[in-house]
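First up is the structure itself, then whatever we jot down about it.
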Amino acid sequence: AAVFILSSTTTSPDSPGRIAAQIVSGIGFLGAGVIMREGMNVRGLNTAATLWCSAGIGVLCGLGQFKNALAATIIILCANILLREAAQRINQLPVSAEGEKRYILKVTCNKEDESAVRQWLLNIVKEAAICLQGLGSVPAQEQGYKEIRAELVGHADYRKTRELIISRIGDNDNITAIHWSIDSQ
Numbered sequence: 001a002a003v004f005i006l007s008s009t010t011t012s013p014d015s016p017g018r019i020a021a022q023i024v025s026g027i028g029f030l031g032a033g034v035i036m037r038e039g040m041n042v043r044g045l046n047t048a049a050t051l052w053c054s055a056g057i058g059v060l061c062g063l064g065q066f067k068n069a070l071a072a073t074i075i076i077l078c079a080n081i082l083l084r085e086a087a088q089r090i091n092q093l094p095v096s097a098e099g100e101k102r103y104i105l106k107v108t109c110n111k112e113d114e115s116a117v118r119q120w121l122l123n124i125v126k127e128a129a130i131c132l133q134g135l136g137s138v139p140a141q142e143q144g145y146k147e148i149r150a151e152l153v154g155h156a157d158y159r160k161t162r163e164l165i166i167s168r169i170g171d172n173d174n175i176t177a178i179h180w181s182i183d184s185q
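Just so we're aligned, residue 1 is where the sequence shown starts under UniProt numbering, counting upward by one.
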């Protein structure tokens with residue numbers, strides 16, 4: 001990059017920015033080439049960013065801005081070293097092997113208590129920190145009752161959360177039945 005800037009300043013000293021813009025787009029193209037997707041993982045982002053930063057340092061050197069180039073070099077080196085350490089620590093954290101699952105929670109109550117039970121259910125789901133995807137109700141098989149159906153998304157290892165929700169709902173006298181299942185979708 002420095003050679004291109006130096007050559008542009010000697011051949012046309014009035015527009016070194018034109019060459020710098022071409023360096024940016026060229027290095028961006030090279031950077032895109034080193035980014036690879038392997039399943040759910042993306043590799044090469046750090047390499048692409050470092051290539052781009054190296055080109056920027058070269059442009060600074062070509063323009064004679066050696067102090068700025070040195071400062072940028074130090075910042076980039078520190079970022080690469082510190083971020084590598086942070087990434088390694090993050091990668092060591094446990095991850096749920098099963099990922100997220102969808103659950104269906106069905107609660108049966110008297111028709112008159114439907115709105116109170118819905119609000120009760122919303123508060124419990126919010127407290128349990130599980131994601132509510134849908135909430136609806138249909139007439140239950142028994143006359144005068146409603147079945148409230150909640151679609152929930154959470155990690156497969158949320159057994160304690162499920163038990164918390166079921167036990168809290170079970171404390172509500174307005175609820176006559178509770179059913180929890182894993183959605184097959």
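Note that beta-carbon positions come from the ideal geometry of N, C-alpha and C, so glycine has one too. Quick caveat, the model's predicted, so the values are computed rather than measured.
Nearest-angstrom Cα distance between residue i and residue j?
| i | j | result |
| --- | --- | --- |
| I74 | R18 | 27 Å |
| T176 | C109 | 5 Å |
| E114 | D183 | 23 Å |
| A92 | P139 | In the sequence as presented, Ala is not what sits at residue 92; that position holds Gln. Answer to the nearest angstrom: the Cα atoms are 49 Å apart. |
| V42 | E112 | 53 Å |
| N68 | L60 | 7 Å |
| R89 | E38 | 21 Å |
For residue i, collect the residues of the same chain with a Cβ closer than 7 Å to its Cβ; drop the 5 residues on either side in sequence, then sort them by chain order.
| i | result |
| --- | --- |
| L30 | L51 |
Figure out for me which residue from the options has the closest Cα to the Cα of residue i.
| i | options | result |
| --- | --- | --- |
| H179 | Y103, V117, V59 | Y103 |
| I166 | C53, L122, E100, A86 | L122 |
| A128 | V153, A32, I90 | V153 |
So, at 6 Å on beta carbons, what are the nonlocal neighbours of residue i in its own chain, with the 5 sequence-adjacent residues on each side left out?
| i | result |
| --- | --- |
| V125 | L132 |
| K106 | E147, R149, H179 |
For residue i, which residues does DSSP report across the bridge?
| i | result |
| --- | --- |
| I76 | Answer by DSSP bridge pairing: none, since I76 is not bridged. |
| V42 | R37 |
| A150 | L105, L135 |
| N91 | Bridge partners of N91: none, in fact. |
| N110 | Y145 |
Just to confirm my understanding: we take residue i, look at its own chain, exclude 5 residues before and 5 after, and list those with CB closer than 8 Å. What are they?
| i | result |
| --- | --- |
| I57 | A1, A69, A72, T73, I76 |
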